[in-house]
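Here's the structure, in structure tokens; my notes come after.
In the numbering used here, the protein residues as written are 87 to 326.
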């Protein structure tokens with residue numbers, strides 16, 4: 087696949103005007119620093135060419151996915167202006183969050199991420215509940231892992247060797263699901279998943295290092311506030 091085939095995505099990344107559309111029926115206007123890898127319903131895949139001209143985008147256009155990076159806890163969005171700030175942190179000390187949003191055609195459904203927990207028995211490893219919760223999260227650890235492979239892998243036998251953490255709301259539904267790879271250092275990657283339903287039909291994933299797991303509540307709240315901040319207050323005649 088040649089670079090020309092992906093020109094539509096490159097051109098989208100270079101735009102400076104806000105990205106307009108809707109997330110599950112909620113009109114949004116997203117500042118471009120937050121609108122990376124932006125895809126609308128009907129767009130080709132990332133490596134596929136667009137057939138015909140770029141459609142005009144309005145608040146009737148369904149956004150299926152996009153992502154951004156923010157610095158925790160001040161939630162400053164990543165940009166050229168704060169490149170030095172990012173360089174000052176190593177993978178062991180980084181407090182940058184990588185956020186992905188899926189909605190409309192890519193929306194995982196109102197019960198996400200409950201299915202992640204229900205599917206736990208079908209994973210690569212079997213799990214048992216840990217003796218105690220971590221940071222208010224039900225904690226599950228894999229039990230049939232090759233310990234020699236773990237030793238050689240620096241704490242993780244393979245990419246499937248991760249702990250699972252989840253939280254239930256007052257009604258007993260899973261509202262947060264997290265998994266962290268079991269490598270033996272603070273840069274071990276974690277992936278937190280949650281849903282903005284019913285306020286917004288959007289599934290969210292947040293990536294960060296394991297040293298930030300203790301802040302999962304604040305991270306979820308802060309990321310949610312950023313996304314809700316994209317709600318458009320004036321939807322008259324705005325398009326791009």
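All residues carry an ideal CB built from backbone N, CA and C; glycine is no exception.
List the whole-angstrom C-beta distance separating residue 286 from residue 109, where the pair is believed to meet the contact cut-off of C-beta under 8 Å.
Translated into the one-based positions of the chain shown, residue 286 becomes position 200. Translated into the one-based positions of the chain shown, residue 109 becomes position 23. That pair is a contact at about 6 Å.
Does residue 129 pass the burial test, meaning 16 or more other C-beta atoms within 10 Å, or should it be called exposed?
Here residue 129 corresponds to residue number 43 of the chain shown, with the count starting at 1. By the 10 Å Cβ count, residue 129 comes out buried.
What does the alpha-carbon distance come out to for the pair residue 260 and residue 139?
As a position in the chain shown, residue 260 is number 174, starting the count at 1. As a position in the chain shown, residue 139 is number 53, starting the count at 1. Rounded to the nearest angstrom, the two C-alpha atoms are 42 Å apart.
Under the three-state DSSP convention, the category residue 229 falls into
If you number the chain shown from 1, residue 229 lands on position 143. Residue 229 falls in the coil class under three-state DSSP.
Per-residue burial, residue 243 [other beta carbons within 10 Å of its own, 16 or more giving buried]
What you label residue 243 is simply residue 157 of the chain shown in a count that begins at 1. Classification for residue 243: buried.
Segments assigned beta strand (DSSP E), at least 3 residues, entirely inside the stretch 166-244:
182-189, 213-215, 224-228
Reduced DSSP category for residue 120 - H, G, I as helix; E, B as strand; rest coil
As a working mapping, residue 120 is identified with position 34 in the chain shown. Note: residue 120 maps to helix in three-state DSSP.
Environment of residue 334 [buried if 16+ CB atoms lie within 10 Å]
In this structure the chain extends from 87 to 326, so residue 334 is not present and cannot be described.
For a test of the three-state rule: what should DSSP assign to residue 299, helix, strand or coil?
Walking along the chain shown from the start, residue 299 turns up at place 213. Helix, per DSSP.
Segment contact flag, the stretch 148-162 with the stretch 307-317, C-beta cutoff 8 Å, min 3 pairs:
yes
Does the distance from the CB of residue 116 to the CB of residue 135 come in under 7 Å?
By one-based count along the chain shown, residue 116 stands at place 30. By one-based count along the chain shown, residue 135 stands at place 49. No, these two residues do not count as a Cβ contact at 7 Å.
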